[in-house]
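Numbering (the numbering used here), first residue to last: 25 to 216.
Spelled out as C-alpha cells, the structure:
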C-alpha cells in the first residue's frame, strides 16, 4: 500500500496526512473547525445539484418528514427530555424538618416565601432593604445617594482605579440621615 500524500487543508491551510482509505477525497484536516467547514462545503455541493434543490420544501418534503416522525415517535420524546434537563440545574434533594409554630394560618400566608422565579423580581427591593439596614437609613434620598456612592465605588474597583477619596475616608458612615438616632454597640459610650 502506498503512503498517503501530505496535502494542505482547504480551511486552515495547514499540511496534514490524509487517511489512506479516503486520501483521494479528503481535502480537510481533522481539526473541529475544519471538519465543520468540510461539512458545510459538502452540503453546498449536495444542495447545488438540480435533483436536490427542492428536497427540503414542498408537499413531498412535508409528507416525507411526517412519515418519518410517525415511524420514530421516541425521537421527539428524547428531544423533549434533553430540553427539559437543560432548563433546570440538578440539585441534591434536601430534607427539611418542619417546626410546629403557634402562628395562625393568616400569619403563615402573610410570611410565605415566594418561589425562586418570583424572588428574582424582588431583588431590587432586597438590595434597597440591605442598604437601608446596613447604613441605618430610612429616607429615600439618603438611600439613593448612598447607592450612587456604592455604584461609583464598584465601578472604580471593577475598572482598576483607586476609589475616590470621599469613599476611602468612610463618608458613607459619617453622614447619618436627619433624625436618625445614634446606634449603641456592645460597650458604653466613652466618658459615661
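Note that beta-carbon positions come from the ideal geometry of N, C-alpha and C, so glycine has one too.
- For the alpha helix (DSSP H) holding residue 62, just list the boundary residues, first then last. 56-72
- Item | Which listed residue (183, 31, 44 and 70) has its alpha carbon closest to that of residue 52 | 31
- Query: Taking the C-alpha atoms as reference points, what is the distance between residue 43 and residue 54?
  - Reply: 10 Å
- Query: Where does residue 166 sit, in a helix, a strand or coil, going by DSSP?
  - Reply: helix
- Item | Extent of the continuous beta strand (DSSP E) to which residue 31 belongs | 30-32
- Opposite residue 40 in the DSSP bridges: which residues? 31
- Query: Around the C-beta of residue 161, are 16 or more other C-beta atoms found within 10 angstroms, so that it is buried, or is it exposed?
  - Reply: buried
- Task: Indicate the three-state DSSP secondary structure (helix, strand or coil) for residue 52 in the structure shown.
- Result: coil
- Please say whether residue 152 and residue 167 have beta carbons closer to each other than 8 Å? yes
- Task: Starting from residue 158, trace the alpha helix (DSSP H) both ways and give me its first and last residue.
- Result: 147-158
- Query: Any idea if residue 50 is buried or exposed, counting beta-carbon neighbours within 10 angstroms, 16 or more meaning buried?
  - Reply: buried
- Query: Leaving out five residues before and five after residue 59 in sequence, what residues of the same chain have Cβ atoms less than 7 Å from its Cβ?
  - Reply: 52
- Query: Under the three-state reduction of DSSP, which class applies to residue 88: helix, strand or coil?
  - Reply: helix
- Would you tell me roughly how many angstroms separate the C-alpha atoms of residue 66 and residue 47, rounded to the nearest one? 16 Å
- Roughly how many angstroms separate the alpha carbons of residue 69 and residue 78, rounded to a whole number? 14 Å
- Around the C-beta of residue 149, are 16 or more other C-beta atoms found within 10 angstroms, so that it is buried, or is it exposed? exposed
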